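One structure is given here, and the rest of the page talks about it.
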Amino acid sequence: MKNRGFLKLASAMTVMTLGGVGYAAHKRSRNPYYRGPVSDHFDGVRFFSPGQPQDKALGEVARWQLGGGRASWPASFPSPFPPDAPPERVDGLRVVHIGHASLLVQVAGRNILIDPVYARRASPVGFTGPKRVNPPGIAFGALPPIDAVLVTHNHYDHLDGPILARLWAEHAPTFVAPLGNDAILRSYDATIPVETRDWGGSVDLGGGIAVHLVPATHWSARGVNDRRMALWCAFVLTTPHGVLYHVGDTGYGDGAIFRDVRARFGAPRLATLPIGAYEPRWFMQPQHMNPEEAVRVFRDVGAEQALGHHWGTFRLTNEGPGEPAAALDRALAEAEVPAERFLALRPGQVWGG
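Here the sequence shown is numbered in full-length UniProt numbering, starting from 1 and rising by one per residue.
The following block contains the structure:
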């Protein structure tokens, strides 16, 4: 009984450090990750997304966790695609879904990983928390030489510290992340250099490629008392083969952040958008868009093509593993968008532009 109670407590604490749960933070007067001037999205201690509703109270977290309505997940939800063996370099554009929110983007001779997670669990501990139900779509040993790693934010389903340290040891890529996340990466290897930027900042990756950090409506945490102390972002890649817009996690809000991307960078050639971890809507809507809202983003930015990720690998919220793809099909039909223009990617699936 004592062990069962401990596991329940550990599981609840794990849930509170994942991207589906932006509950109200404890008062804390010092930020351990970042010190900088107050801005329109930083109050001197914590970051925030302008216009985002107040964080949920712990009672609302309990209401969600104890309220039922969670679809069951199988122990295995295999991808129909075999693991990919990517080429060493690609002159054009090639994107592979590794799983959940992890992508390999090969463009103009550069290899870029986004939010690479290879852990068995998206959790601060190894014995509880969301467990992977399909293997990575690229084995770690099959990765090509990695030139850059982009990290959108610090939730455990997006920032896998041990794998980032391994990437540094074996590939020595350029790491790019929003403000405050350098301290987190260096807690796994003190020698990792990280290019951190605020929203509006950019990093030149060479070869005519630059990565620009743009706003997302989300939050961050690695523990129970560091809510919103490291920034989160989306990325725009400007490349010789067009503009790529990548969102890790975001709520839709009033849509202004998406229209701003189109106004600043033009219509993207490709948008990679999250389509999972969205139920129940009364809890998730401020921080996780659903497939219908993802279609709205696709149209707001005017992308030629969209790829859906952030679904079917880790059980984070109430919907079943296949529901995001089915809901995306319905949303595309309702919006009269051809299904081939917005694909719900599975691990190992390759898209080539």
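No residue lacks a Cβ here, since even glycine has one placed at the ideal position from N, Cα and C.
Every value quoted in this text rests on a predicted model; they were computed, and no experiment measured them.
For D249 and V297, the gap between their C-alpha atoms comes out near 13 Å. Judged by DSSP in its simplified three-state form, I138 adopts coil rather than helix or strand. Closest in C-alpha terms to T272, from the list S202, A333, G320, V350, comes V350. Measuring C-alpha to C-alpha distances from H153 to each of W168, G200, L213, Y188 identifies L213 as the nearest.
Taking R46 as reference, the option from V107, S102, D226 with the minimal CA-CA separation is D226. The C-alpha of G308 lies about 6 Å from the C-alpha of L345. With a cutoff of 9 Å on beta-carbon distance, P178 and V133 are scored as not near each other. Here G99 carries a strand assignment [DSSP, helix/strand/coil]. Per DSSP, reduced to three states, the secondary structure at L66 is helical. Nearest Cα to R299 within the set V90, L328, Y278, R259: R259. For L244, the enclosing beta strand (DSSP E) starts and ends at 242-246.
For the set V125, G137, I138, R120, the Cα lying nearest the Cα of K131 is the one of R120. For the 9 Å CB-CB criterion, H158 and D115 form a contact. In this structure, P274 places its C-beta atom within 9 Å of the C-beta atom of A101. In the three-state DSSP reduction, L205 falls in the strand class (E or B).
Our two residues, A142 and P83, have alpha carbons roughly 9 Å apart in a direct line.
Within the stretch 249-281, the complete beta strand (DSSP E) segments at least 3 residues long are 270-274, listed from N- to C-terminus. For V301, the enclosing alpha helix (DSSP H) starts and ends at 291-301. Assigned with DSSP and collapsed to three states, G161 falls in helix. Contact check for A325 against E292 fails: the beta carbons are separated by 9 Å or more. Just so you know, the alpha carbons of L316 and A277 end up roughly 6 Å apart. Nearest neighbour of A172 by Cα position, chosen from V61, V151, I146, V107, turns out to be I146. F140 is classed as exposed because its beta carbon has fewer than 16 other beta carbons within 10 Å across all chains shown. A straight-line Cα-Cα distance of about 5 Å links V194 and F175. The beta-bridge partner set that DSSP reports for G352 consists of R94. The distance from the Cβ of V117 to that of D160 is about 4 Å, consistent with a contact at the 8 Å cut-off. In the three-state scheme derived from DSSP, where H, G and I count as helix and E and B as strand, P178 is classed as strand. Residues V295, F298, A306, G308, L328, L332 of the same chain have their beta carbon placed closer than 7 Å to that of F342, with the five preceding and five following residues left out of the count.
Out of P78, P87, D182, the CA that lies nearest to the CA of P32 is found in D182. Between the C-alpha atoms of V247 and V261 there is a straight-line separation of about 11 Å. C233 and R186 have their C-alpha atoms spaced approximately 19 Å apart.
Cβ-Cβ separation between P136 and G92: approximately 24 Å, too far for a contact (criterion under 8 Å).
A direct Cα-Cα distance of roughly 5 Å separates V211 from S202.
No Cβ-Cβ contact shorter than 9 Å links Y156 with A190.
Using a Cβ distance threshold of 9 Å, A71 and N290 do not count as a contacting pair. The three-state secondary structure of R330, taken from DSSP, is helix.
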